[in-house]
Structures are given as C-alpha cells and as structure tokens.
Amino acid sequence: MYKNFYEKLVKSYRIIELTKPYSVIFSNILA
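Residue numbers for the sequence shown follow the working numbering, so the first one is 659 and each next one is one higher.
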C-alpha cells in the first residue's frame, strides 16, 4: 500500500518537473 502511494507520488513529481519549464515560458510570454 505504501509502495503504491510512493510510486504515485514519484510519478506526479516527475510530471511537475517536466511541465515546470513550460509553465515558466508561458508566464514569461504573458508577462
């Protein structure tokens, strides 16, 4: 159970890390 939760946490963290540069670029375009 804890292992499954940890894997979901790692996956969501990787998704955030992947999308972070795009959100920074997007905010720079809007600024």
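All residues carry an ideal CB built from backbone N, CA and C; glycine is no exception. Treat the numbers as computed from the prediction; the structure is a model and nothing was measured.
query	result
Whole angstroms are fine: how far does the CA of ASN662 sit from the CA of ILE683?	33 Å
Using the C-alpha atoms, what's the distance from TYR660 back to ARG672?	18 Å
Look at the alpha carbon of VAL668 and the alpha carbon of TYR680, and state the distance between them as a whole number of angstroms.	20 Å
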